[in-house]
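Asks: First the structure, then my questions, so here it is.
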Ligand SMILES: Cc1ncc(COP(=O)(O)O)c(C=O)c1O
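If you want it as structure tokens, here you go:
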């Protein structure tokens, strides 16, 4: 089959923006849009006509299908009241499991390994806490040849044998806050036992450094990494990291916030132990929408660190026993009543992504970011691309680095180009595949070029501490 996006790839491969027929990027963009099998999907998302929305890696837009599933639940609430838990179609009672089923194929998992609930940060608390408890109970993975713990961790409080969690210095801060708190709650000193892989270039994490940390420290019980870094967009080799963790006798957990819904994953095949992600970014389920998590089947039946009645075995949940029997699925890591109105849009938004197909979305996303990077290389000499260029290491957005990135992002927003700024010098541009055209990408680069050439960004003040 012909690759409809090959001109974008060729442009990035150094053949220039045009081809023998034309060297005009507008012609190239039009050709790419004409050939794009997903171009019709944009009409089903609500992005204002005068906006170029490049911030779907922070908050995805509403779609017709997401609004329809939300409206349906609002109607059910009005019409059915409490009986909606059992009589709505489908019943609210199983909403978290049902949405888990819908998400599972996007991450390469079985239905009962994925559930929605809580938020990313809460899910990190409960999952990292659960697996720390397993380590402390001596139930961790095999650790042959590791002196500190060959399957036997000492009770907490002994710095020589307490388990450590391996993270990296470019992580999203909330992950570190939560993991530190979980270590502290077990009497483990986070200053000692949160081991942080440094970045060589301030943008990316080299997987060899994760492996080196595992070789250097025999106390690492959990490796916690992102699937994609929030600032540079570097995509991690999940299978490689999971294999390295297991070889060292550690669990492998991932924060998939910046790839779920944009990049297909194979969590089961890769041997991932547990993972979390949100649904408000590439899954387009709305602001503050419900979180999602994965727990590999081999770990089902464990008692979650943050247990609650909604994670109880479903068949007996309403017997109201004082003792907790965890559901024999990832559903056990739910805590309280699922927020129906924060879950409802996900049903419709996932339906649309599944109709487009995650593999096709990824293919288009790579072509869009190829095109963007080629245009930046060609037209914006003062802007550096902070995102890896090879496809295997590139997530869904591109980090454009400029010393005046904050002002540049403000100037872009004033011109209807919605991007975001991440300190110290990054403008994140996310041409999300379901609703972005190649012509949109060209327009963004035109706007950046016009702003930088005219110095229009220089009149903007920097915003210390606001939401960007
Ligand atoms: C990579 C990553 N991890 C964690 C979080 C925190 O998520 P939440 O606020 O849903 O807990 C975010 C939020 O954007 C994120 O991007």
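Residue numbers (the UniProt record's numbering): 1 to 468. Every residue, glycine too, gets a C-beta built ideally from N, C-alpha and C.
#1: With DSSP run on the structure shown, which of helix, strand or coil describes residue 30?
#2: Report whether the distance from the Cβ of residue 432 to the nearest heavy atom of ligand 1 is below 7 Å.
#3: Could you compute how far the alpha carbon of residue 435 sits from the alpha carbon of residue 5?
#4: Using CA atoms only, rank isn't needed, just tell me which of 333, 53, 430, 164 is closest to residue 371.
#5: Indicate, with yes or no, if ligand 1 has a heavy atom lying under 7 Å from the CB of residue 236.
#6: Suppose contacts are defined by Cβ-Cβ distances below 8 Å. Is residue 231 in contact with residue 170 by that definition?
#7: Touching or not, the segment 123-137 and the segment 280-299, by the rule of three or more beta carbon pairs under 8 Å?
#8: With 16 other CB atoms within 10 Å as the buried threshold, where does residue 470 fall?
#9: Could you check which residue in 162, 420, 241 has the C-alpha nearest to that of residue 251?
#10: Which ranges would you report for the beta strand (DSSP E) in the segment 259-291 if only whole runs of at least 3 residues count?
#11: Check whether the Cβ of residue 87 sits closer than 7 Å to any heavy atom of ligand 1, and report yes or no.
#12: Does ligand 1 have even one heavy atom less than 7 Å from the beta-carbon of residue 53?
#13: Whole angstroms are fine: how far does the CA of residue 253 sit from the CA of residue 273?
#14: Identify whether residue 148 lies in helix, strand or coil by the three-state DSSP scheme.
#15: Residue 142 to residue 163, Cα distance in whole Å?
#16: Using only the alpha-carbon positions, how far apart do residue 249 and residue 418 sit?
#17: Please determine whether the Cβ atom of residue 423 lies at a distance below 7 Å from any heavy atom of ligand 1.
#18: When DSSP builds the beta bridges, which residues end up paired with residue 224?
#19: Identify which residue in 336, 243, 71, 462 has its Cα closest to the Cα of residue 405.
#20: Entirely within the segment 384-457 and at least 4 residues each: give me those alpha helix (DSSP H) ranges in chain order.
#21: With hydrogens ignored, establish whether the beta-carbon of residue 121 is closer than 7 Å to any heavy atom of ligand 1.
#22: Mark residue 187 as exposed unless 16 or more other C-beta atoms lie within 10 angstroms of its C-beta, in which case mark it buried.
#23: Quick check: the Cα distance between residue 196 and residue 335, rounded to an integer number of angstroms?
#24: State the Cα-Cα distance for the pair residue 75 and residue 85, rounded to the nearest angstrom.
#25: Starting from the N-terminal side, write out each stretch of the alpha helix (DSSP H) that is 4 residues or longer and does not extend beyond the segment 160-201.
#26: Considering Cα atoms alone, identify which of 402, 69, 367 is closest to residue 350.
#27: Does the separation of the CB atoms of residue 54 and residue 426 fall below 8 Å?
#28: Out of 13, 73, 168, which has the shortest C-alpha to C-alpha gap to residue 209?
#29: Compare the beta carbon distance of residue 373 and residue 383 with 8 Å and say whether it is the shorter of the two.
#30: So for residue 47, helix, strand or coil by DSSP?
#31: Do the segment 25-42 and the segment 402-416 meet, that is, are 3 or more Cβ pairs less than 8 Å apart?
Replies: Taking the geometry as given:
#1: Position 30 of the chain shown, counted from the first residue, corresponds to residue 30. In this structure, residue 30 counts as helix in the three-state DSSP scheme.
#2: Counting from one through the chain shown, the residue named residue 432 turns up at place 432. No.
#3: The residue given as residue 435 occupies position 435 in the chain shown. The residue given as residue 5 occupies position 5 in the chain shown. Their backbone Cα atoms lie some 16 Å apart in a straight line.
#4: Your numbering for residue 371 matches position 371 in the chain shown. Minimum Cα distance to residue 371 is reached at 430.
#5: What you label residue 236 is simply residue 236 of the chain shown in a count that begins at 1. Outside the cutoff, so no.
#6: Locating residue 231 in the chain shown gives position 231, counting from the first residue. Locating residue 170 in the chain shown gives position 170, counting from the first residue. Yes; because the gap between Cβ atoms is below 8 Å, this pair is in contact.
#7: yes
#8: As shown, the chain starts at 1 and ends at 468. That puts residue 470 outside it, with no answer to give.
#9: The sequence position of residue 251 within the chain shown is 251, counting from 1. Looking at the Cα atoms, 241 is the closest of the given residues.
#10: 274-277
#11: Here the question's residue 87 lines up with position 87 in the chain shown. No, since every heavy atom of ligand 1 falls outside the 7 Å radius drawn around the Cβ of residue 87.
#12: Mapped onto the chain shown, residue 53 falls at position 53. Flag unset: Cβ of residue 53 not near ligand 1.
#13: Against the chain shown, residue 273 aligns to sequence position 273. Against the chain shown, residue 253 aligns to sequence position 253. Going from the Cα of residue 273 to the Cα of residue 253 covers about 6 Å.
#14: Looking up residue 148 in the chain shown gives position 148. Its pLDDT being 46, under 50, residue 148 is placed unreliably in this model, and the value from its coordinates should be taken loosely. Coil.
#15: Here the question's residue 142 lines up with position 142 in the chain shown. Here the question's residue 163 lines up with position 163 in the chain shown. Those two C-alpha atoms are separated by around 14 Å.
#16: Within the chain shown, residue 249 is the residue found at index 249, counting from 1. Within the chain shown, residue 418 is the residue found at index 418, counting from 1. Whole-angstrom Cα-Cα distance: 44 Å.
#17: The residue you call residue 423 lines up with position 423 of the chain shown. For ligand 1, not one heavy atom lies less than 7 Å from the Cβ of residue 423.
#18: Counting from one through the chain shown, the residue named residue 224 turns up at place 224. Answer is 253.
#19: As a first step, residue 405 is located in the chain shown; it is residue number 405 there, counting from the start. Looking from the CA of residue 405, the closest CA among 336, 243, 71, 462 belongs to 462.
#20: Runs found: 405-414, 438-454.
#21: Locating residue 121 in the chain shown gives position 121, counting from the first residue. Yes, ligand 1 has a heavy atom inside 7 Å of this Cβ.
#22: Here residue 187 refers to the residue found at position 187 when the chain shown is read from its first residue. When all chains shown are included, residue 187 counts as exposed.
#23: Along the chain shown, one-based indexing puts residue 196 at 196. Along the chain shown, one-based indexing puts residue 335 at 335. Their Cα atoms are separated by approximately 29 Å.
#24: Along the chain shown, read from residue 1 onward, the residue named residue 75 stands at position 75. Along the chain shown, read from residue 1 onward, the residue named residue 85 stands at position 85. Roughly 13 Å between the two C-alpha positions.
#25: 173-185, 190-193
#26: Here residue 350 refers to the residue found at position 350 when the chain shown is read from its first residue. Considering only alpha carbons, the answer is 69.
#27: Residue numbering aside, residue 54 sits at position 54 when the chain shown is read from its first letter. Residue numbering aside, residue 426 sits at position 426 when the chain shown is read from its first letter. Against a cut-off of 8 Å, the Cβ pair of residue 426 and residue 54 comes out as no contact.
#28: In the chain shown, counting from the first residue as 1, residue 209 sits at position 209. Ranking the options by Cα distance to residue 209, first place goes to 168.
#29: For this step, residue 373 is matched to residue 373 along the chain shown. For this step, residue 383 is matched to residue 383 along the chain shown. No, the pair does not count as a contact, with Cβ atoms beyond the cut-off.
#30: If you number the chain shown from 1, residue 47 lands on position 47. Three-state result, residue 47: coil.
#31: no
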